[in-house]
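Numbering-wise (our numbering), the sequence shown opens with residue 99 and increments by one.
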Amino acid sequence: MIFATVGTQLPFDRLLTGLDSWAERNPNTQVFAQCGLSKARVSHIDTTPTLGVSAFRRHFEAASLIVAHAGMGTILTAAELGKPVILLPRRACFNEHRNDHQQDTAKEMSRLSNVTVVQDQEALHRALDFAVSQEACGIQSVGEIVPTELDPLIDVIRDFVWADPSLETAMGFQNQATPT
C-alpha cells in the first residue's frame, strides 16, 4: 500500500491529482491519502481529510511507500520506520505555501538513502513506477540503509516538538510517548 500525506494546514492538490492519475494507470496498487483541506477531485485513491496520531502511525507502518509534501514530521517518521519516501515539495509560485522552505528541506533530506525528491507530476509518476518495481523485486524496506546516525537528531527534534504540552491540546492530539 502507498500512503500519502499532505499535512493538515494547507491544501496540496498537485500532489493528490498526480497520485490519482498514477493510480488510474496502476489499479492493482492500493493508495490511501490523508488529503487535508484539498479540493482536488480524485477517484482512484482513497482519502480522508485528517487522521488521528494512532491511525496516522498505523497507515505509515502498513505502507510500503510514503508519498508526501516535504514536511519534517513525515520525513522523520519515514526515517524512523525505515520507509522509502517520495517528496513533492510545495511551491510558493503555485500558491501551495507562503515561501519555498520545503524546497530547501527537500534538498537537504535528499541526501538520505530513503528519500526521493520530485518537482512535478511527471517525475512523481516515474518515481512511483520505480518504487513499485523495486517492491516487486523484493526490496520492501530501506530500514537497514537509513543511517542510524539520524536517531539522535530524531530524538532531539521529537523532544523539542513535544516540550510544550499546549501544542498537544491545540493540535487535538497527544504524543504517543506521553503517558495517558
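Positions of the beta carbon are idealized from the N, C-alpha and C atoms, including for glycine. Note that the coordinates shown come from a computational prediction; the quantities given were computed from them, not determined experimentally.
Reference residue i; option with closest CA among the options
| i | options | result |
| --- | --- | --- |
| ILE100 | HIS142, LEU210, GLU206, PRO187 | HIS142 |
| VAL151 | GLN132, ILE164, ALA138 | GLN132 |
| ALA156 | HIS195, ARG139, ASN124, PHE130 | Reading the sequence as shown, one finds Arg at residue 156 and not Ala. Of the listed residues, the one whose Cα sits closest to ARG156 is PHE130. |
| ALA221 | VAL165, MET170, ALA160 | VAL165 |
| ASP227 | ARG123, PHE110, ASP111, ARG112 | ARG123 |
| MET170 | THR146, ALA153, GLU206, ALA160 | GLU206 |
Sequence-distant residues of its chain with Cβ nearer than 6 Å to residue i (five each side left out)
| i | result |
| --- | --- |
| GLN219 | GLY116 |
| HIS223 | TRP120 |
| LEU163 | ILE100, PRO182, ALA229 |
| PRO187 | ALA168, GLN200, GLN201, ALA204 |
| GLU233 | SER162 |
| VAL140 | LEU114, ASP118 |
| THR172 | THR103, ALA166 |
Nearest-angstrom Cβ-Cβ length linking residue i and residue j, presumed shorter than 8 Å
| i | j | result |
| --- | --- | --- |
| LEU174 | VAL215 | Not really, about 16 Å apart at Cβ, beyond 8 Å. |
| ARG189 | ASP198 | 6 Å |
| THR53 | VAL230 | For residue 53 there is no data in the structure shown, the boundaries of the chain being 99 and 278. |
| LEU108 | LEU135 | 7 Å |
| ASP118 | LYS137 | Contact doesn't hold; Cβ gap of about 13 Å is too wide. |
Cβ neighbours of residue i in the same chain (closer than 8 Å, five flanking residues each side left out)
| i | result |
| --- | --- |
| ASP144 | GLN128, VAL129, PHE130, ALA131 |
| THR148 | THR106, GLN132, GLY134 |
| ALA160 | MET99, PHE101 |
| PHE154 | THR103, GLN132 |
| ALA225 | ILE184, THR214, VAL216 |
| MET269 | Because MET269 sits at a pLDDT of 43, beneath the cut-off of 50, its placement in the model cannot be relied upon, and the point is left open. |
| PRO125 | HIS142 |
Same chain, Cβ closer than 7 Å to residue i, five either side skipped, listed in chain order
| i | result |
| --- | --- |
| ASN193 | none |
Suppose only complete runs of 4+ residues qualify. What are the alpha helix (DSSP H) ranges in the region 197-235, listed by chain order?
199-207, 219-234
Within the region 108-148, note down every full beta strand (DSSP E) run reaching 3 residues or more, in order along the chain.
129-132, 144-146
Which ranges does the beta strand (DSSP E) cover as unbroken runs of at least 3 residues, wholly within the region 147-171, from first to last along the chain?
163-166
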